[in-house]
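Notes for the one structure printed next.
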Amino acid sequence: MNALIMCHSFEQRILKLAPVTVGNSCVLMSGSIVMSGCKLMGNNRLYPFTLVMKNDLLPSNTQWKGLPAQSYVTKSILPRSAFTCDDIVKCQQKSKNFDRLSLWYEQISNVYTNVNKLQFMNWGYADLDEHIDDNTGYYSKKLYQQVLANVTLTDQNVLEVGCGRGAGAAWCVRTYIPRSYVGIDFSRNVIDLCEQCYSTIPRLSFMIADLTTHLPFQNKSMDVVLSIGTANIFDEIVAVKQFADEVVRILTPNGYFLWCGLCNVDSSHVLIDYLTANNAFIIKEKANITRNVLHALDIQSNSRADFIERYIQPTDHEYCRLFAGLPGTQLYDNMQQGRAEYWRVVFCKNITTDISRI
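If you're matching positions, the sequence shown starts at -19 in the numbering used here and goes up one per residue.
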């Protein structure tokens, strides 16, 4: 059905599907998604967290309110690794930064919460002699195992930031028997789905929280904080610092922060750099698992491509393939060709850290 949104209407958290035309002077509020094939007719104002799938949809008089698109580029602490871009359209076209992955995660997880087959959202980990895809989330669970290596969760208070659909949290509770396990995410739809699927599991709970501001937990209340790739959501160094300081605040003395995600080719990452530079954490273990993540993506490529074909509308295929890490997409190729690496890091809170000075 063709549709036309006219005049000065305010559209808030609305999914615009092709071939919708967004008329002159319409305002798109935070959370709106404009798919490929839609048209913005001009003088439109786009608020933060509006996702426009193709940059050729933006007339020259489009207004970005608040932080524009280029704010999603990571500004590395290390000058040799820094990537900045002052041209919004050029940033969108080149997609040279990794943080767009997390933006798409947020939007896609909101839209496709009704697809039960997509339980795990991480890329997985595979030993190099493994080759079978059984569609059970086996390799995604193995990534959790890698991140949790040598750190016990039994009888510990655990927080997972960016818990996604909750399957990893549920698996961790059943496998490791923590005292408590809280999964947080900034998507209300995702948290609703987690509670719907896993509310009967003892010691497991979920809640909505903004990872870039305040973590709603008491000082020194968590023994372990776990993050599977979610640090890439931070668009500004100030947000990284805020998150890092909050992790320091809520961790017990000698508590652990367990992280994995994409890094620069020199293994640097803005979060890693900040956590170690201010002496808040000691790195206990750091491992490059790029080959294993790539191998897991290779093994799962057919099932993930089939999922996209079955459940995702054609206008979204390009972005979901990138998000899924399919071979031939930029994120996959960056790792395969040595332009990016995937690391896991075990941080231990430095007991001499004075959080009032951070």
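Idealized CB from N, CA, C, for every residue including glycine. All values derive from a computational prediction rather than experimental measurement.
Element boundaries [alpha helix (DSSP H), containing residue i]
i: L128; result: Note, L128: premise wrong, no alpha helix (DSSP H); not H, not E.
i: N169; result: 168 to 178
i: D286; result: 270 to 291
i: M315; result: 310 to 316
Three-way DSSP call (helix, strand, coil) for residue i in this model
i: C143; result: coil
i: E110; result: coil
i: S120; result: helix
i: T232; result: strand
i: S61; result: Note that S61 scores 31 on pLDDT, short of 50, meaning its location in the model is unreliable and no value can be drawn from it.
i: F327; result: strand
i: W239; result: strand
i: A267; result: strand
i: R319; result: coil
i: G342; result: For the chain, the structure presents residues -19 to 338; residue 342 sits outside this window and is missing.
i: F197; result: coil
i: V220; result: helix
i: V245; result: coil
i: C71; result: Residue placement at C71 cannot be trusted, given a pLDDT of 37 that sits under 50; the coordinates are not used to answer.
i: P307; result: coil
i: S56; result: Confidence in S56 is poor, its pLDDT being 32 and thus under 50, which makes the residue's placement unreliable; the coordinate value appears in the next sentence. Reduced to three states, the DSSP call for S56 is coil.
Beta-carbon proximity of residue i to residue j, cut-off 8 angstroms
i: N130; j: V326; result: yes
i: I141; j: S207; result: Before going on, a small fix: residue 141 reads as Val here, not Ile. Yes, the pair counts as a contact, with Cβ atoms nearer than the cut-off.
i: R154; j: L173; result: no
i: D278; j: P307; result: yes
i: F166; j: L191; result: yes
i: N258; j: R229; result: no
i: G117; j: A147; result: yes
i: F186; j: C143; result: yes
i: R301; j: V245; result: no
i: V127; j: C243; result: no
i: F237; j: L231; result: yes
i: T270; j: E321; result: yes
i: I164; j: A189; result: yes
Range of the contiguous beta strand (DSSP E) that encloses residue i
i: R183; result: From DSSP, R183 is part of no beta strand (DSSP E); its letter is neither H nor E.
i: I252; result: Run containing I252: none in the beta strand (DSSP E); it sits in the alpha helix (DSSP H), 250 to 257.
i: L339; result: Outside the displayed range of the chain (-19 to 338) lies residue 339, so it cannot be described from this structure.
i: M202; result: 202 to 208
i: D165; result: 160 to 165
Cβ distance (whole Å) where residue i is taken to contact residue j below 8 angstroms
i: P233; j: K329; result: 6 angstroms
i: K266; j: W323; result: 6 angstroms
i: A150; j: L184; result: 6 angstroms
i: Q136; j: R159; result: 6 angstroms
i: Q280; j: Y156; result: Between Y156 and Q280 the Cβ distance is about 24 angstroms, and since that is not below 8 angstroms, they are no contact.
i: N102; j: G209; result: 6 angstroms
Item to check | Cβ pair count under 8 angstroms reaching 3, the region 200 to 207 against the region 173 to 188 | outcome: Judged by Cβ distances under 8 angstroms, the region 200 to 207 makes no contact with the region 173 to 188, as fewer than three pairs qualify.
Checklist entry - For the region 260 to 276 against the region 300 to 320, are there 3 or more C-beta pairs whose distance is under 8 angstroms? => result Using a Cβ-Cβ distance cut-off of 8 angstroms, the region 260 to 276 and the region 300 to 320 are in contact, since at least three pairs of beta carbons, one from each stretch, lie closer than that value.
Checklist entry - For the region 247 to 256 against the region 282 to 300, are there 3 or more C-beta pairs whose distance is under 8 angstroms? => result Touching, no, given that fewer than three Cβ pairs across the two stretches are closer than 8 angstroms.
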